[in-house]
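Same order as they appear, the protein sequences are chains B and C.
Read the first sequence against this note's numbering and you will find it ends at 612, with the numbers running on by one and no gaps.
Read the second sequence against this note's numbering and you will find it ends at 269, with the numbers running on by one and no gaps.
Positions of the beta carbon are idealized from the N, C-alpha and C atoms, including for glycine.
Scroll down for the structure; my scribbles are underneath it.
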Amino acid sequence: MDQRDASVPTISRLGPFRASVATFGALIGSGFRRYATYRQATLAGTFTNVVFGFLRCYVLLAVAAGAVGNTPAGYSSEQLATYVWVGQGLLSVIGIWGWTELADRIRTGDIAADLLRPIPPVTAYLAADLGRAGYGLLTRFGPPLLVGAIFFPLHVPSRWQTFPLFALSILLAVIICFGCKYLVNATAYWLQDARGPIMLWTLGSGVLGGLYFPLRLLPDEVVAVLWLCTPMPSLLQAPLDVIAERDGPVTQLGLVALQVVWAVAILALAGLVQRRAERRLVVQGG
Amino acid sequence: MGELRAYVALGAAQIRSAASYRTSFLVELFGNVGATVFDVLTVLVLFRATPAVGGFTLREAVVIVGFSSAGFALADLLVGNVDRLKTYVRAGTLDAVLVRPLPALPQLLLMDLPIRKTLRVVFGFVVLGVAIAANDVDWTVSRVLLVLLTPLAAGVFFGSIFVLSASLAFWWVDSGEIGSAFTYGGRDFTSYPISVYDSWFRNLFAYALGFGFIAYHPALTLLGRDDPLGLPAWTGFLSPLAALGAATVAAVVWRSGIRHYRSTGS
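So, in structure tokens, the structure goes:
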């Protein structure tokens, strides 16, 4: 007779560790398939990314043309173009905007169903988000980069380690971004309506994440505070600086290391907030 | 008279619903200003790195930003929420709007009147005012007229773009973010001197779509600067014409869209 404790939830006959890996994988897959159904929206979103790519690229190149030595904040024109176009490609991979699912479920009371499931909500939603990011990487990342490469001279990375570091940096950025979105959505446990915090997040993440302009154009002290005290630059600025090779190999590695710290911290905080919220949750609806 | 009362009732319901989540409303009110503040800040940050962008100093460039953000904020307050149309079409909620004895567009706008965006309009006009004060404008009657007309024309123009890109949902429900390329993209395009763009891109947005007439050319005329691209000074006065053209196209497309609408039936 299997002596396994009946309270350990398993959905397969594998061992507990392999079972949780399998569950996590299944959730990633379902997240991927969910977004894969919106094919036309994918096309429309890509078009929009490309238009904004042109707008931002022209403006930053005009800034470079007028700047001292044509290298504003130490970026060459090619690096700026890479910065803009890889940024447009990464935008929907990282997914900084538009996730209000958790807040909506808290407001409507559907969150009760999530809490009944044998997987902690943070884990389940993280898996779904990784699936979403994977779909984004396959469909949304390439086209803007291709258009950028056709119309502008881009910076081609010269160091071999840039590519694995970039891949790792994207994964970390997705995790950090998910953690931040989770925390922003979780304010609905206390506020019921999280539209306000979500709006502040939408605003702050774009500007402070480095989407509109490279953060190094800001005064040095501001940049240092942003990197060390907020997770924002780890969302876009970090992977973009890695691929544009703005810094030497050591700083490049340091950016990714800082992302690791933020990823761990944000996920831990999300878990903590979720546990606190469960203790005081009054389920809405009826 | 009855129609007006119905609109007032719709609007008042929006105000009451906004007032019931007061904290969130206040955050949204300031968050919305934040969006425009960040747009202006972006311009300031870019000019930290360089004395001139596309041949314009910061002082001159801010006039362009002022026209653009005043016009955009005005349009976004009054018609910006029409971009929810795709949600209504998808869910079939538009049926409820169409069976009522009122025109569909005003109803849709009042169904979610974004009172939270009012502060943004104020900020847009403040930017414009500060920008004009910072420049040494040689005031004439026609320039006063230009300053008064341009933000309104820009508002009508952006409003038409909002309606046009929302109408797309009648034919293509999954149009997703494509409208943003022209609404928010148009705002970004008009925030900078159009001399920064390559000629094909500039011709497309500025002249084929008309975005050049609502901020860049009026700013040139106001500052008394020659157009580096060679168009005459009176081009700056064409914003009402561009607005009228855009509004006409938007009205036609909207009407044919409404006629084209088939409910999802769910």
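Distance between residue j and residue i (C-alpha atoms, nearest Å)
| i | j | result |
| --- | --- | --- |
| Glu404/B | Thr186/C | 28 Å |
| Leu593/B | Ile501/B | 8 Å |
| Trp588/B | Ala134/C | 40 Å |
| Gly530/B | Ala137/C | 29 Å |
| Leu80/C | Lys120/C | 6 Å |
| Gly83/C | Ala570/B | 36 Å |
| Leu581/B | Leu105/C | 57 Å |
| Phe380/B | Ala254/C | 29 Å |
| Ala345/B | Val124/C | 55 Å |
| Pro490/B | Gly34/C | 38 Å |
| Gly5/C | Ala94/C | 29 Å |
| Leu472/B | Arg466/B | 11 Å |
| Leu463/B | Leu537/B | 18 Å |
| Trp96/C | Tyr10/C | Looking at the sequence shown, residue 96/C is not Trp but Thr. Cα to Cα, Thr96/C sits roughly 18 Å from Tyr10/C. |
| Arg103/C | Trp425/B | 33 Å |
| Gly162/C | Leu526/B | 25 Å |
| Leu167/C | Leu244/C | 17 Å |
| Leu480/B | Arg521/B | 38 Å |
| Ala236/C | Leu151/C | 17 Å |
| Phe478/B | Leu554/B | 33 Å |
| Ala332/B | Phe350/B | Note on Ala332/B: pLDDT 48, under 50, position unreliable in the model; the coordinate value appears next. When rounded, the distance between both Cα atoms is 21 Å. |
| Leu584/B | Asp98/C | 52 Å |
Neighbour flag for residue i against chain C, beta carbons, 8 Å
| i | result |
| --- | --- |
| Phe343/B | no |
| Gln366/B | yes |
| Ala332/B | Confidence in Ala332/B is poor, its pLDDT being 48 and thus under 50, which makes the residue's placement too unreliable to answer from. |
| Arg433/B | no |
| Arg458/B | no |
| Gly392/B | yes |
| Met558/B | no |
| Tyr361/B | no |
| Pro523/B | yes |
| Val410/B | no |
| Pro398/B | yes |
| Phe380/B | yes |
CB contact below 8 Å: residue i versus chain B
| i | result |
| --- | --- |
| Thr60/C | no |
| Thr53/C | yes |
| Tyr264/C | no |
| Ala78/C | no |
| Asp86/C | no |
| Tyr91/C | no |
| Ala94/C | no |
| Ala38/C | yes |
| Thr26/C | yes |
| Tyr210/C | no |
| Glu6/C | no |
| Val30/C | yes |
| Val125/C | no |
Assigned exposure category for residue i - 16 Cβ within 10 Å defines buried
| i | result |
| --- | --- |
| Gln563/B | buried |
| Val394/B | exposed |
| Met327/B | Reliability of the predicted coordinates at Met327/B is poor, the pLDDT of 43 falling under 50, and the value obtained from them is presented with this limitation in mind. Exposed. |
| Cys503/B | buried |
| Pro221/C | buried |
| His263/C | exposed |
| Val347/B | exposed |
| Pro54/C | exposed |
| Arg572/B | buried |
| Thr60/C | exposed |
| Glu31/C | buried |
| Gln487/B | exposed |
| Pro545/B | exposed |
Contacting residues, own chain, Cβ-Cβ under 7 Å from residue i (five flanking each side not counted)
| i | result |
| --- | --- |
| Leu223/C | Asp230, Gly239 |
| Pro117/C | Leu80, Gly83, Asn84 |
| Thr408/B | Leu480, His481, Ile569, Ala570 |
Cβ neighbours of residue i in the same chain (closer than 6 Å, five flanking residues each side left out)
| i | result |
| --- | --- |
| Phe208/C | Phe192, Phe214 |
| Gly505/B | Ile592, Leu593, Ala596 |
| Phe128/C | Ala73 |
| Pro470/B | Asn375, Val376, Gly379, Trp411, Gln414, Gly415 |
| Gln110/C | Val100 |
| Ile496/B | Pro565 |
Alpha helix (DSSP H) segment containing residue i, residue limits
| i | result |
| --- | --- |
| Val85/C | It is not in any alpha helix (DSSP H) - Val85/C carries neither H nor E in the DSSP assignment. |
| Gln414/B | 403-416 |
| Leu49/C | 25-52 |
| Glu547/B | 546-555 |
Sequence-distant residues of the same chain with beta carbon closer than 8 Å to residue i, five excluded per side
| i | result |
| --- | --- |
| Asp440/B | Arg431, Pro447, Ala450 |
| Val457/B | Note that residue 457/B corresponds to Gly in the displayed sequence, not to Val. Contacts found: Leu353, Ile354, Gly355, Ser356, Gly357, Phe358, Arg359, Arg360, Tyr361. |
| Val176/C | Lys89, Val92, Arg93 |
is_contact[residue i, chain E] using C-beta, thresh 8 Å
| i | result |
| --- | --- |
| Val66/C | Any reference to chain E falls outside this structure, whose protein chains are B and C. |
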